[in-house]
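*Asks:*
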Amino acid sequence: MINFLNRSLVHRMTALILLGAGLVMLLVLGFSYFSQRNKILASAMQQSDTLTQSAVFQIEIPLGRAEAVVQQTALFLAEKDIRRVESTDLIRRTLERNSDILGMAIGLTEKAAGGSDFEILYGWRETAKIQVRDRESPALDYQQDWFYLPYHLKRPVWTEPYFDSDANTLMVTYAFPIVRSGEVIAVATCDISLKWIHKLLDTLPLGKDSMAILLSQRGTYIAHPIKGYEMTETIFSIAESQPDPETSSSLHRIGLDMMSGKPGSMTFKHPIDNNTAFIHYRPVPATGWVLGLIQPQKQVLAPLVRLNEISALVGLAGLALLLIPALGVAWSVTRPLQRLAVAANQLAGGNFDAPLPAIRSKDEVARLTAAFEQMRCELRRYIADLTATTAVKERIAGELSAAREIQMSIVPKLFPAFPNRPEIDLFAILIPAREVGGDLYDFMLLDEDHIYLAIGDVSGKGVPASLLMAVGKTLLKSTMQAVRDPARAMTQVNNELSEGNESCMFITMFCAVLNIKTGALIYANAGHNPPFLASTDATIRCLENPPGPALGIVPGAVYQDHSIQLGDRDLLVLYTDGVTEAMNPSNVMFEEEGLLEYIRRECRQNARLFIENLGRAVQIHAAGAEQSDDITALAVRYQVVPAVTGSLHQSEMEPGRNPDAVLSLKNRLEDLGRMPGWIDEQAAALALPPQLVMELNLVLEEWIVNVISYAYADKSEHAIELRIWRDNDQLRLEIEDDGRPFDPTVQAEVDTTMSLEHRKIGGLGIHFIKKTMDRFMYRRDNGRNIVTVGKTIPGTPADTHSPEKETKAV
Amino acid sequence: MRFHLISLFLLICIVLPAPAGLAQNPEQVAVTLHWQHQSQFAGYYMALAKGFYAQEGLDVTIMRGGPDVRVGEMLRSRKTEFASFMLSSALEERAAGLPMVQLAQVVNRSNFLLAAWKNPAEGVSIDDLKDLEGRRITVWLQDFRAPYLALFASKKIQPVILPQYYTLSLFLHRGVTACSVMRYNEYHTLIQSGIQDKDLEIFSLHDLGIRLPEDGIYCLDETWQQRPETCRKFVRASLKGWAYARDHEKETLDEVMKYVRKENLPTNRMHMSWMLREMLASIFPAKGDDWIFGRISRRTYEDASGMLIRYGGLESAPPFKEFIKDGVANND
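Residue numbers (the working numbering), protein chains in the order written: chain A, 1 to 810; chain B, 1001 to 1332.
Here it is in C-alpha cells:
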C-alpha cells in the first residue's frame, strides 16, 4: 500500500483528498450521533419516568380503595362490642359492595374473644355467593402475618403477597389493628387478588424488548416476564446467582437502590442478555413495593443507529463520487509535472533545446516551469561563459609555457661546458617551477684564462619575470664581455635596469670571473645568496662579503669587487633561494643547513653528479610538494693543472693517433686471465722493462677487478677496453668501460692507518695506482668512464722525441 | 388374630434377614421429615434418588413436615417408621410419653443464630449481646427457645421475648431489635431480602458455647427392638445419601429443587444452595470439629439434655443408653 502511494503523486493526492473527506464525514457523523444520542436518551428517560409514575398511580388505586374499606370497618368496630351477627353482616355487605375484594376477616385477640361470641370470622366469595364462616384453628391464624404483624406493630400493614391455593391466585392482605385504650383487641383485613397487576403491566406501552418488574417490600418479584421468578426469587437472589461478580454486584446495588424507597434510574448490564440497559423505578408508597421499567439501550438507540447507518451509506456514496473530481485534480496537477520531468531528463542529457510544457496558468506548476526555463537560460549562458574563459586560460597557459621555453633556451645547457679545459669542471641546472620564475645562470670563457660565471633571481614570476631575466642575463653577459669586471658590469647593468623601471622589478645577481690559471676569483654580489666554496677536505666557506643592492632598484648604486683564491679542486657552488627554500608538504624548508650538509657530503663528486644529485636531493626533500620557485644551482671545480714536467703532455689526454694495441675484455673475472698474456705481448712489442710490466700487471688487474666488481648495476655482459700507446719514454694506458660514473682521481686519499673494514672499497687499489703511476686521470665521455694512467719509462732519455716539447718550443 | 399375623411376619423378618440389594419384595417403610422440603433433607432425597435405600432392600416413602404436620403424632400412629427430629424436639416428645429412640445424630453443629439490627433505633447500637438487655426480641417457641434461654441465662441478660412463628416479618418491619434465625435458612433469607451484613449483628450460639445438636433420625423403641436391621439399613442408606450430597452438590441441588417445585414453595435455588452448603458443614466434621459423622457423644447428649431441662422446660431426659441406639453400628 505504502509502495503504491509512494509511486505516484496521483494516488497520493487522491488518497489524501478521500481520507480528508472521509475524516470530516466521520466527525460529522460522530458529532451528530453523540448529540442525538444524549437527546434521545434524555427523552427516553423522561418517557420512562412518566410511564412509571402513571403505572404506580394505577397500582395504588385498588390498593387505596382496599385500605379505605378496611379502615372504615375497623373504625366502625372500634366503637362498640364486636359481636358475631354484626361482624358477619359487616363482612357480607363489604364484600357485596366491593367486587375487587376477594375476602375479608375480622379476628379478635384471644383476650377479646373471651368476651365475645366468636374468635375469627372470614368471608369470601364462593362462585357468586358470599360465605362467612368461623376459622377452624384460630391459634394458627394468630401466628400468621396478617394477624401477628398489626397486633405487635399496632399499625396497619400490607402483608407480603402470597399464593392462595383456594382462590388459585396471587393475593395480598391489608391488615388493620383495632385498638381500644392502647391495646389491640382485634384485626380487620381484606384480601385482594393481584391478577390485575399483570394485566396492568402488560398494557403499559413498552417497546419490544422492554419489560416491567414489580418487587415486593422484601425484594421478591411480584411480577416479572420470567414467571418462574415470581414469588420465589428476589432481586438479590438473582444478583447472587450471577456467575460474573461485576454483574452480580451491580444488580445487588440496583436492588438496594430500588428498596431505598426513592425513585431513580440506572444503567446496568442486563443479566438476561448481557447488554446495557436502563432501569427506571418508583416505589408504590402504600405497600412499599417498587415498580421498575427496563429498557435495553439498543432499543432506545435503534432509530438513531438506523439513521446513522443511512448517513454512512450516503457518505460512502459521496466519497465514491468524490473520487472522480479528486482524480481529475490530481491529473491536472501532475500532467505538467510529468512533461516537465521529461524535459528535465532531456536537459540533463545535454539537449538544451528540448521544449518545456507551455505555461497557461499562474499556479505553482507554472511557476516551477518558469523557474525551470530560467535555469535553462542561465545554464546556456554559463556554458558559453565557461567556454570563453577556458579559451582565455588556455591562451595564458600557452604564453606561460612559451615564457618557460624562453627562459630555458636562454641559459647555456651544453655540457661539458669547456671540453678542452680540464682545469674547469662545471655543471649547472635550472628546474623551472610550474609558474615560470625568473632564475638564471650563465657562464662563458672570456678569454683563454678567464671564465665568467653568474647566477641570478628575478623578483616576481611569470612572463614579466622571464622577460626581465632574459634582459638582465643578456645585458650582464654583453657588459661583462666589454668590461670584464663584475663590479663594474653590475654597476652598469644596474643603471640600465633602474632606468624607467616602473614596475619596480629587480634581479638579485652574483657575478664572478675565475682565472683558470691562478685560481683567483673576482666577484660582486647584488643582493644574491652568497655562494659556498668547498675544499677537498670538506671545509666550506661562504663568500659572504657585504652584497650590494639587487639590480634595478637603486639607480647609481656602486658594486664592489671582492676576490678570493681558489685552491686545487675547490668546488664553488652557486644557487638560488629555490634550493634553500624548497618546502616539503609540512612546510619545512630545505634550508642552508640542508645545502651545507649536502655539500659536505658530496663535494668530491664531479660537478655534473654533484648538481644532478643536488637537484634530486631537493626533490626528495620536497616529497611531492608542488615546486613554488625555480631551482637553480651551478657548481664549478677548479683544478690546478700540474706544472708541465717533461713527462706530462697535455696531448696524452687526447692521443692524436690510434693506440699501439687494444684489448677488449668481458666484465667477467675469468676473462681477466687473457690480460697478462696481452701485456707480455705488448711489453715485447713496445720494449718495456720487466719492472714496469710487473707494475702494469698489478695496476691493470687492480683497476679492472674494481670495474668488474662495482661498475655495473646489471649482470649482463659489458666490454672493457684497454688501449696502449708508447711515445718515446712515455707509456700511456686507457681503460674504458660503460659502467656507472666513477672518478677515482677525486677519491679521498686512503687513510692507511684505518683498518681494512673501514676503508672505502677500492681505496687501497687507487692509492696503489697513484703511487705507482706518474699520471692518473679520469674523464667521462659519451656515457663511458675513461681512466688514463701514464708512466715515464725509466732508462730512456727524457728529452728525446717529445712532440709536446717541440710544439711548445714553437 | 391379625395382630399375630403381623407379629409373625415381623418375627420372620428378624430371624431371616432379607438379602441385601434384593429388588423383589422390598420392605416398605416411610420417613417423615420435620419441616417442608428443602436442602435440610437433601441426604434422604439423594439416598432415594440414587437407589441407596433400594440397595438395602427398602422401599422408602419420604413425607414432608411443616406447620400442619405433627411428626410425633405420625410416629405414634405408626404412619411412619422413621422420623427426622431436632434433638430437643425428640426429647420433648419422649418426655411427653412417646417411646422413641435415636438412631443417628445427623447434624452435630448448632445453626442457631441471633440476628440483631446493628442500629435498631436512633442512637441505639447493638455491638454486644449485653446490648439486648430489656429490648424486644422474637424467639421461636418451645424447644427452639431453650438454647436462647440458656444463652441469655449464661450471659445474665433479660430481653423482652416475643413469640416468633414462621416469618421474620416483625423483625423486618423493625418491630423488634433481634430475632432468632437458623444459619442455613432465615439468615440467608435476610440477605436475600436486601439486608446487608453491615446492618446486622450476628451472634452464633454454637460459638458462644451453646451446643445443641440438631437433626437426627428417630424411630419408636419398638421398631428398633423388632427390626434393628431395618433401622440400620435405613440409617446406613440415609448417611450414604448425605455423603453423596456432599460429593455432588449440583446434582443434589437439582434434586432438591424438584421437591421444592412440586410443593410450589416460595424459595429459590440460590437459597437452597446456601442451605445445602451450611447443612453439609453442620453434618460433616471439618478439621478442628469435635464430633463424629452421624453420632452423638454421651457428654454432648448429657450437656444438651441438661440444658433443655433447665431452660427448655423439659421435664426429664432418658439416660443416654436408653435413648441413643447404635443405628450406625454396622456403618463403619
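Just so you know, even glycine gets a beta-carbon here, dropped at the ideal spot from N, CA and C. In this text the structure is predicted, and so the values were computed from the model without any measurement.
Counting along the chain, where does the beta strand (DSSP E) carrying residue 1313 of chain B start and finish?
*Replies:* Note, residue 1313 of chain B: premise wrong, no beta strand (DSSP E); not H, not E.
*Asks:* Taking 9 Å as the CB-CB cut-off, is residue 1292 of chain B touching chain A?
*Replies:* No, residue 1292 of chain B lies away from the interface with chain A (no Cβ there is under 9 Å from its Cβ).
*Asks:* Any C-beta of chain A within less than 7 Å: which residues of the region 1148-1169 of chain B qualify?
*Replies:* From the region 1148-1169 of chain B, only 1162, 1165, 1166, 1167, 1169 have a Cβ closer than 7 Å to chain A.
*Asks:* Give me whichever residues DSSP pairs with residue 1030 of chain B in a beta bridge.
*Replies:* In DSSP, residue 1030 of chain B forms a bridge with B/1061.
*Asks:* Is it buried or exposed for residue 57 of chain A, if we count other Cβ within 10 angstroms and need 16 for buried?
*Replies:* So residue 57 of chain A ends up on the exposed side.
*Asks:* Would a C-beta distance cut-off of 9 Å place residue 105 of chain A and residue 146 of chain A closer than the cut-off?
*Replies:* Their beta carbons are under 9 Å apart, which means residue 105 of chain A touches residue 146 of chain A by this criterion.
*Asks:* From A/594, A/170, A/575, pick the residue whose C-alpha is nearest to that of residue 583 of chain A; which is it?
*Replies:* Selected option, being the one with the closest Cα: A/594.
*Asks:* List the residues of chain B whose Cβ lies closer than 8 Å to the Cβ of residue 287 of chain A, in chain order.
*Replies:* Here the premise fails: no neighbours, minimum Cβ distance about 13 Å.
*Asks:* Compare the beta carbon distance of residue 25 of chain A and residue 319 of chain A with 9 Å and say whether it is the shorter of the two.
*Replies:* For residue 25 of chain A and residue 319 of chain A, yes; Cβs fall inside 9 Å.
*Asks:* Identify each residue in the region 142-163 of chain A for which the Cβ-Cβ distance to at least one residue of chain B is less than 8 Å, and report them in chain order.
*Replies:* Cβ contacts with chain B: 143, 144, 145, 148, 149, 152, 153, 157, 159, 160, 162, 163.
*Asks:* Leaving aside the five residues before and after residue 1227 of chain B along the sequence, list all residues of the same chain whose C-beta is less than 6 Å from its C-beta, in chain order.
*Replies:* Nothing listed; no residue qualifies.
*Asks:* With respect to the alpha helix (DSSP H) encompassing residue 495 of chain A, which residues constitute its N-terminal and C-terminal limits?
*Replies:* First-last of the alpha helix (DSSP H) with residue 495 of chain A: 486-498.
*Asks:* Between the C-alpha atoms of residue 518 of chain A and residue 420 of chain A, what's the straight-line distance to the nearest angstrom?
*Replies:* Rounded to the nearest angstrom, the two C-alpha atoms are 17 Å apart.
*Asks:* Does any residue of chain A bring its CB to less than 9 Å from the CB of residue 1270 of chain B?
*Replies:* For residue 1270 of chain B, the answer is yes, since a Cβ of chain A falls inside 9 Å of its Cβ.
*Asks:* Cβ of residue 1071 of chain B within 9 Å of Cβ of residue 1032 of chain B?
*Replies:* For residue 1071 of chain B and residue 1032 of chain B, yes; Cβs fall inside 9 Å.
*Asks:* According to DSSP, simplified to helix, strand and coil, what is residue 505 of chain A?
*Replies:* Coil at residue 505 of chain A, not helix or strand.
*Asks:* Using CA atoms only, rank isn't needed, just tell me which of B/1320, B/1314, B/1138, B/1280 is closest to residue 1296 of chain B.
*Replies:* When only C-alpha atoms are compared, the closest one is B/1320.
*Asks:* So residue 55 of chain A and residue 204 of chain A are in contact, right, with Cβ under 8 Å, and what is the actual spacing, rounded?
*Replies:* Right, the Cβ-Cβ distance comes to about 6 Å (below 8 Å), so this counts as a contact.
*Asks:* Could you tell me which uninterrupted beta strand (DSSP E) segments, each at least 3 residues in length, are contained entirely in the region 432-463 of chain A, listed from first to last along the chain?
*Replies:* Correct list: 439-445, 450-458.
*Asks:* Between the region 230-254 of chain A and chain B, which residues of the former have CB atoms less than 7 Å from a CB of the latter, in chain order?
*Replies:* Listed in sequence order: 231, 232, 233, 234, 236, 237, 240, 241.
*Asks:* Which value, in whole angstroms, describes the spacing of the CA atoms of residue 1094 of chain B and residue 1044 of chain B?
*Replies:* C-alpha separation (whole angstroms): 24 Å.
*Asks:* Taking residue 195 of chain A as the reference, which of A/413, A/230, A/360 has the closest Cα?
*Replies:* Out of A/413, A/230, A/360, A/230 has the C-alpha closest to the C-alpha of residue 195 of chain A.
*Asks:* Look at residue 143 of chain A and residue 1166 of chain B and say whether their C-beta atoms are less than 9 Å apart.
*Replies:* A contact, by the Cβ cut-off of 9 Å.
*Asks:* With distances taken Cα to Cα, identify the nearest neighbour of residue 299 of chain A among A/598, A/325, A/276.
*Replies:* Cα-wise, what sits closest to residue 299 of chain A is A/276.
*Asks:* Below 8 Å on C-beta distance, what does residue 318 of chain A contact in chain B?
*Replies:* Near residue 318 of chain A there are no residues of chain B at all, since even the closest Cβ is about 55 Å away, more than 8 Å.
*Asks:* Output the boundary residues of the beta strand (DSSP E) element that contains residue 171 of chain A.
*Replies:* 169-180 is the span of the beta strand (DSSP E), which, as asked, contains residue 171 of chain A.
*Asks:* Compare the C-beta of residue 256 of chain A against all C-beta atoms of chain B and say whether one is closer than 9 Å.
*Replies:* Chain B contact via Cβ: present.
*Asks:* Mind listing which residues of the region 1190-1203 of chain B have their C-beta closer than 8 Å to chain A's C-betas, in chain order?
*Replies:* From the region 1190-1203 of chain B, only 1191, 1192, 1193, 1194, 1196 have a Cβ closer than 8 Å to chain A.
*Asks:* With 9 Å as the threshold, decide whether the Cβ of residue 140 of chain A is near any Cβ in chain B.
*Replies:* Output row for residue 140 of chain A: interface = yes.
*Asks:* Let me know the secondary structure DSSP gives residue 273 of chain A once reduced to three states.
*Replies:* If DSSP states are grouped into helix, strand and coil, residue 273 of chain A belongs with coil.
*Asks:* What is the C-beta distance between residue 781 of chain A and residue 792 of chain A, in whole angstroms, given that I count them as a contact (C-beta under 8 Å)?
*Replies:* With a Cβ gap of about 25 Å, residue 781 of chain A and residue 792 of chain A do not count as contacting.
*Asks:* What's the gap between the Cα of residue 85 of chain A and the Cα of residue 1180 of chain B?
*Replies:* Cα-Cα distance, rounded: 41 Å.
*Asks:* Output yes if chain A places a C-beta closer than 9 Å to the C-beta of residue 1253 of chain B; else output no.
*Replies:* So no, residue 1253 of chain B is outside the interface.
*Asks:* From what residue to what residue does the alpha helix (DSSP H) around residue 138 of chain A run?
*Replies:* Per DSSP, residue 138 of chain A belongs to the alpha helix (DSSP H) from 138-142.
*Asks:* Less than 8 Å between the CB atoms is what I'm expecting for residue 472 of chain A and residue 456 of chain A, so what's the real figure, rounded?
*Replies:* Yes, they are in contact, since the Cβ atoms of residue 472 of chain A and residue 456 of chain A sit about 6 Å apart, within 8 Å.
*Asks:* Would residue 177 of chain A be called buried (16 or more neighbouring beta carbons within 10 Å of its own) or exposed?
*Replies:* Label assigned to residue 177 of chain A: buried.
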